[in-house]
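**Q** Residue numbers (UniProt numbering): 1 to 323.
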């Protein structure tokens with residue numbers, strides 16, 4: 001059962017809180033990424049100081065954006081990248097990230113979940129965690145009478161559809177994860193009702209011979225007409241708790257759209273040069289303000305700066321990833 005506040009209820013001390021922000025509107029990728037960085041850094045500090053703390057999660061939809069993972073290849077993008085602007089096909093932004101995997105698209109109609117979870121409190125196994133994220137999506141699809149499946153060669157969730165040459169596997173959910181000192185970031189993206197034309201400009205997740213689909217096209221017209229992304233958000237959160245019983249989601253609704261700066265939500269603003277736009281054959285550092293949501297910090301910690309890693313959001317460079 002999802003708790004309605006940050007405090008939540010711990011069952012005999014066995015369940016770890018996951019402070020979950022359900023964000024309305026469209027969230028710029030850069031903002032969601034900087035929030036993840038801060039949340040990861042805070043949990044690493046708690047880990048080093050042997051403090052219990054709690055986990056966190058962002059639930060949102062992005063403004064249209066292409067993201068490139070660590071395994072992305074030049075041929076995965078079918079459009080020229082505008083030098084020095086971070087702009088690409090159809091005017092969408094393009095970001096290089098530290099997640100596993102190759103190229104994907106995020107945008108309206110696609111629900112993204114970013115769990116920032118310290119696996120030392122659960123199970124120190126990234127493949128177990130990724131398979132769990134796949135299971136979350138499989139259970140949500142099953143709620144709507146859709147049979148999803150895994151693919152041993154490709155991470156994500158797939159469904160069988162009739163294609164031009166007969167039955168084929170179509171991808172409805174992408175998963176890309178990275179972790180530092182067993183603290184995770186990035187997560188899963190489920191296509192509910194996005195503009196699938198955006199995927200035509202890339203090789204989604206490096207898979208050239210399969211299409212990308214969405215949940216609504218798998219449903220009957222009258223059922224699809226009633227399905228909302230708001231409904232599926234909560235189905236995903238409920239399924240997450242079921243799949244990971246050691247975690248308890250404590251949900252806060254953020255009804256105002258996050259955009260521009262995060263001045264109202266940060267402990268401190270500081271410029272960094274560690275975010276990279278991909279350009280035409282070069283990489284250009286772009287300044288981004290860092291911010292940490294007040295909602296994710298214990299009250300007694302808000303005045304301090306000890307939790308902020310000045311040199312790196314991923315200290316000791318013990319970085320792991322799932323491709």
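Just so you know, even glycine gets a beta-carbon here, dropped at the ideal spot from N, CA and C. The model shown is predicted, which means the values in this text are computed figures rather than measured ones.
Looking only at its chain, what residues have a beta carbon closer than 6 Å to the beta carbon of residue 156, apart from the 5 residues adjacent to it on each side?
**A** Position 156 of the chain shown, counted from the start, is the residue given in the question as residue 156. These residues qualify, in order along the chain: 171, 173, 174, 175.
**Q** Grab me the residues of residue 68's own chain with a C-beta within less than 8 Å of its C-beta, minus the 5 sequence neighbours each way, in chain order.
**A** Counting from one through the chain shown, the residue named residue 68 turns up at place 68. 76, 77, 94, 95, 96, 97, 102, 103, 278, listed in sequence order.
**Q** For residue 181, count neighbouring Cβ atoms within 10 angstroms of its own Cβ and tell me buried if that reaches 16, exposed if not.
**A** Reading the chain shown from its first residue, position 181 is the one you call residue 181. With 16 or more Cβ atoms within 10 Å of its Cβ, residue 181 is classed as buried.
**Q** According to the Cβ coordinates, are residue 177 and residue 118 closer than 8 Å?
**A** Taking the first residue of the chain shown as position 1, residue 177 is located at position 177. Taking the first residue of the chain shown as position 1, residue 118 is located at position 118. No.
**Q** Using DSSP with H/G/I as helix, E/B as strand and the rest coil, what is residue 118?
**A** Locating residue 118 in the chain shown gives position 118, where the first residue counts as 1. In this structure, residue 118 counts as strand in the three-state DSSP scheme.
**Q** Based on the DSSP output, what are the partners of residue 17 in its beta bridges?
**A** Looking up residue 17 in the chain shown gives position 17. Its beta-bridge partners are 248.
**Q** Since residue 123 sits in a beta bridge, which residues does DSSP pair it with?
**A** Along the chain shown, read from residue 1 onward, the residue named residue 123 stands at position 123. According to DSSP, which records beta bridges pairwise, residue 123 is partnered with nothing at all.
**Q** For residue 350, which three-state DSSP category applies?
**A** The structure shown does not extend to residue 350, since the chain spans only 1 to 323, so no value can be given for it.
**Q** Please determine, among 24, 114, 48, 120, the residue with the shortest C-alpha to C-alpha distance to residue 240.
**A** Numbered from its first residue, the chain shown carries residue 240 at position 240. Selected option, being the one with the closest Cα: 114.
**Q** How would you label residue 12, buried or exposed, when you count the other beta carbons within 10 angstroms and need 16 or more for buried?
**A** As a first step, residue 12 must be located in the chain shown, where it is residue number 12. For residue 12, the pLDDT reaches just 38, beneath the cut-off of 50, and the residue's location in the model is therefore unreliable, leaving the point undetermined.
**Q** Is it buried or exposed for residue 48, if we count other Cβ within 10 angstroms and need 16 for buried?
**A** Numbered from 1 along the chain shown, position 48 holds the residue referred to as residue 48. Label assigned to residue 48: exposed.
**Q** If we count the other Cβ atoms within 10 Å of its Cβ and call it buried at 16 or more, is residue 242 buried or exposed?
**A** As a first step, residue 242 must be located in the chain shown, where it is residue number 242. Residue burial is scored here from C-beta neighbours: residue 242 has fewer than 16 other C-beta atoms within 10 angstroms and is therefore classed as exposed.
**Q** Report the rounded CA-to-CA distance for residue 325 versus residue 106, giving the unit in angstroms.
**A** Here the chain comprises residues numbered 1 to 323, so residue 325 is not present and cannot be evaluated.
**Q** Consult DSSP for residue 148 and reduce its assignment to one of helix, strand or coil.
**A** For this step, residue 148 is matched to residue 148 along the chain shown. DSSP places residue 148 in strand when its eight states are reduced to three.
**Q** Leaving out five residues before and five after residue 72 in sequence, what residues of the same chain have Cβ atoms less than 7 Å from its Cβ?
**A** For the purposes of this step, residue 72 is identified with residue 72 of the chain shown, where counting begins at 1. Counting only Cβ-Cβ distances below 7 Å, and skipping sequence neighbours, we find 102, 103.
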